[in-house]
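*Asks:*
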Amino acid sequence: MNRSIRVISIIVISGIIILLLWRFSNIVFYLIAALVLSLIGRPIVNFFNSIKIKNYRFPNLISTIITILLIILFFIIAVWIFIPLVANQAEIISRIDFNSLSNSLESTLRNFENTLVEYKLIGKDESIKQMIQQQLISFVNFSSFSKLFSSFIGATGSIFLAIFSIFFITFFFIKDANIVNNMIDTIIPIKHEQEFRNVIKQTKHLLSRYFIGISIEVITMIILLSLGLTIFGVQNALLIGFLGGLLNIIPYLGPIIGAIIGSLIAVSNILSYGQYHEIVGIILLVCGVFAGANLIDNIVLQPLIYSSSVKAHPIEIYVVLLIAGSLAGVPGMILAIPSYTVLRIIAKEFFSQYKIIRHLTRNI
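Following numbering that gives the first Met the number 0, the numbering of the sequence shown begins with 0 at its first residue and continues without gaps.
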């Protein structure tokens, strides 16, 4: 009877926690983002705390403030570089002569249209060209732009609130390294306090290395892609490299999505000059650069990151990513590796009596 009540209580409490997490998902996102930034910033704080000038050391508060300012400066520089690139790309797209493009694709569209009619996918009186034109007109009409503008104004306030909340929480996560320990102490039974302290300590260590490694990987990929595309004369190479590097945080799918977006940007640049015959060549060139950079990432960067932080076999990681992708899509794939790392640490601390747990956590 007591066991049944205990099981029911655990199920009810778990359900309430899941409901609260879903209801306040934005706050959960702020906390997760702040935790990631604090894990990245912790080594920087430790570096400043270790500096000694004669008998003077940086107080922890000063080290924390400097670290937060450095992180903010990094994001400001990234935005400062990114916004002009986007504006320049928009200006390039505005130069595309859609009438000339339509005429050059006339025969291709006609053949495609005949194929669709043959398989009865569209009627004989329907025109692909007219359908595309109608969609473009509906997309760029005034009401669409007014809705887009209203959405942008509404989102601006939310974005600033999110940025302020994340950095505010990050400041205290970095300043007080024991804040998570203190929170855990209030809800964990005394007999399990030491185990949870070990879990938190190990989690901080491994995830800090992991997120720093991911940051280095993203920056390296941005540099590799931008340099490669610049060498081959691709216009707006930095924008393509920037987006490709950021999307690289999505395991396996990221490079593919980045290559597709990069190809679209490169094609729009070609179209703005009316060089329609170079479309296939520029797509192959961009995909080739992405393939080369991704090869370096897979052979050099990822083994270094995973061996020093996750400490799991590549097949093990691949299976975890597949499961996470099936359950939660792209967000699940992004969170899969750090979540799996935490679960392995918890399993090692509490279930090490099982052989399979000892095998999966032997390198931690």
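In this text, a Cβ means the ideal position worked out from N, Cα and C, and glycines have one as well. These numbers were taken from a predicted model, which means no experiment stands behind them.
Report the residue from 294, 202, 311 and 172 whose alpha carbon sits nearest the alpha carbon of residue 224.
*Replies:* For this step, residue 224 is matched to residue 225 along the sequence shown. Ranking 294, 202, 311 and 172 by Cα distance to residue 224 puts 294 first.
*Asks:* Let's test the definition: count the other Cβ atoms within 10 Å of the Cβ of residue 348 and tell me whether it reaches 16, buried, or not, exposed.
*Replies:* Mapped onto the sequence shown, residue 348 falls at position 349. That one is buried.
*Asks:* Under a three-way DSSP split, which group does residue 209 fall into?
*Replies:* Taking the first residue of the sequence shown as position 1, residue 209 is located at position 210. Three-state DSSP puts residue 209 in a helix.
*Asks:* Would you mind reading off the limits of the alpha helix (DSSP H) that contains residue 301?
*Replies:* Walking along the sequence shown from the start, residue 301 turns up at place 302. Looking at the DSSP string, the run of the alpha helix (DSSP H) that includes residue 301 is 301–304.
*Asks:* So, under 8 Å CB-CB, residue 69 and residue 43 are touching, yes? Tell me the CB distance rounded to an integer number of Å.
*Replies:* For the purposes of this step, residue 69 is taken as the residue at position 70 of the sequence shown. For the purposes of this step, residue 43 is taken as the residue at position 44 of the sequence shown. 7 Å between Cβ atoms; contact.
*Asks:* Quick test of the definition: if touching needs 3 or more C-beta pairs under 8 Å, does the stretch 32–49 touch the stretch 155–168?
*Replies:* With the cut-off at 8 Å, the stretch 32–49 and the stretch 155–168 touch.
*Asks:* My parser needs the alpha helix (DSSP H) runs of 4 or more residues fully inside the stretch 261–328; what are they?
*Replies:* For the stretch 261–328, whole alpha helix (DSSP H) runs of length 4 or above, ordered along the chain, are 278–295 and 301–304.
*Asks:* Report the option in 328, 352, 323 and 176 whose CA atom is closest to the CA atom of residue 339.
*Replies:* As a first step, residue 339 must be located in the sequence shown, where it is residue number 340. Residue 323 is the option with its Cα nearest to residue 339.
*Asks:* How is residue 51 classed by DSSP in three states: helix, strand or coil?
*Replies:* The count along the sequence shown starts at 1 and reaches residue 51 at position 52. Strand, per DSSP.
*Asks:* Starting from residue 236, follow the alpha helix (DSSP H) in both directions and report where the run begins and ends.
*Replies:* Walking along the sequence shown from the start, residue 236 turns up at place 237. Counting along the chain, the alpha helix (DSSP H) containing residue 236 begins and ends at 236–246.
*Asks:* So, are the CB atoms of residue 247 and residue 253 less than 7 Å apart?
*Replies:* For this step, residue 247 is matched to residue 248 along the sequence shown. For this step, residue 253 is matched to residue 254 along the sequence shown. Taking 7 Å as the Cβ cut-off, residue 247 and residue 253 qualify as a contacting pair.
*Asks:* What distance in whole Å lies between the Cβ atoms of residue 84 and residue 235, which are believed to be in contact at a cut-off of 8 Å?
*Replies:* Position 236 of the sequence shown, counted from the start, is the residue given in the question as residue 235. Position 85 of the sequence shown, counted from the start, is the residue given in the question as residue 84. Right, the Cβ-Cβ distance comes to about 6 Å (below 8 Å), so this counts as a contact.
*Asks:* Taking all protein chains shown into account, decide if residue 29 is buried (16 or more other Cβ within 10 angstroms of its Cβ) or exposed.
*Replies:* Within the sequence shown, the letter at position 30 stands for residue 29. Label assigned to residue 29: buried.
*Asks:* Rank 193, 26, 197 and 292 by C-alpha distance to the C-alpha of residue 160 and give the top, closest one.
*Replies:* Indexing the sequence shown from 1 puts residue 160 at position 161. With distances taken between Cα atoms, residue 160 lies closest to 26.
*Asks:* Which word fits residue 357, buried or exposed, when buried means at least 16 other C-beta atoms lie within 10 angstroms of its C-beta?
*Replies:* Counted from its first residue, the sequence shown places residue 357 at position 358. Per the 10 Å Cβ criterion, exposed.
*Asks:* From residue 364 to residue 328, what does the alpha carbon distance come to, in whole angstroms?
*Replies:* In the structure displayed, the chain extends from 0 to 363; residue 364 sits before or after that span and is not available.
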